[in-house]
Amino acid sequence: MSAETSTLSKLYSKIAEDPRVNVWHVSLFTFLLNLWQKSGYQQQLKVSRKQLMVGGHISSITTYHKCISQLTKLGYILYIPSYDVYKGTKIVIVL
Numbered sequence: 001m002s003a004e005t006s007t008l009s010k011l012y013s014k015i016a017e018d019p020r021v022n023v024w025h026v027s028l029f030t031f032l033l034n035l036w037q038k039s040g041y042q043q044q045l046k047v048s049r050k051q052l053m054v055g056g057h058i059s060s061i062t063t064y065h066k067c068i069s070q071l072t073k074l075g076y077i078l079y080i081p082s083y084d085v086y087k088g089t090k091i092v093i094v095l
């Protein structure tokens, strides 16, 4: 098993076993891990709210903001918001 696969496996297990998270957290975090893998494990992901909502199957902006905020507070991600459409929001997966 490669180091990247091992890291992804540990992150999936970590969130799956955490009683503080719900299905929306898991869905959004899984989508973020997928983007991270596709990016070649870059340190920061540049994303948009719309992209994350569609990929995480979240239809409410309120639910999206709640999930992002909670994933940050729980230590799964670092969230660096941008209010500039062209710059995009940055997210760092915390290992």
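Under UniProt numbering, the first residue of the sequence shown is numbered 1, with each subsequent residue one higher.
Where is the CB? At the ideal position from N, CA and C, for every residue including glycine.
Proximity winner among Gln42, Ser2, Ser59, relative to Trp24 (alpha-carbon distances): To locate residue 24, count along the sequence shown from 1; it is residue 24. Looking at the Cα atoms, Ser59 is the closest of the given residues.
Buried or exposed (CB count within 10 angstroms, at least 16 for buried), Tyr76: Translated into positions along the sequence shown, residue 76 becomes position 76. Burial check for Tyr76: the Cβ neighbour count within 10 Å reaches 16 or more, so the residue is buried.
Distance CB(Thr89)-CB(Pro81) smaller than 7 angstroms: Within the sequence shown, residue 89 is the residue found at index 89, counting from 1. Within the sequence shown, residue 81 is the residue found at index 81, counting from 1. Contact: yes.
Cβ-Cβ distance between Cys67 and Leu33 below 7 angstroms: Residue 67 sits at position 67 when you count from the first residue of the sequence shown. Residue 33 sits at position 33 when you count from the first residue of the sequence shown. Result no, Cβ atoms of Cys67 and Leu33 do not sit closer than 7 angstroms.
Sequence-distant residues of its chain with Cβ nearer than 6 angstroms to Val92 (five each side left out): In the sequence shown, the residue the question calls residue 92 occupies position 92. In its chain, beyond the 5 residues on either side, Gln44, Leu78 have a beta carbon closer than 6 angstroms to the beta carbon of Val92.
Residues bridged to Lys90 (per DSSP): Residue 90 sits at position 90 when you count from the first residue of the sequence shown. DSSP output for Lys90 lists Lys46, Ile80 as bridge partner(s).
Element boundaries [alpha helix (DSSP H), containing Asn34]: Counting from 1 along the sequence shown, the entry for residue 34 is found at position 34. Residues 23-38.
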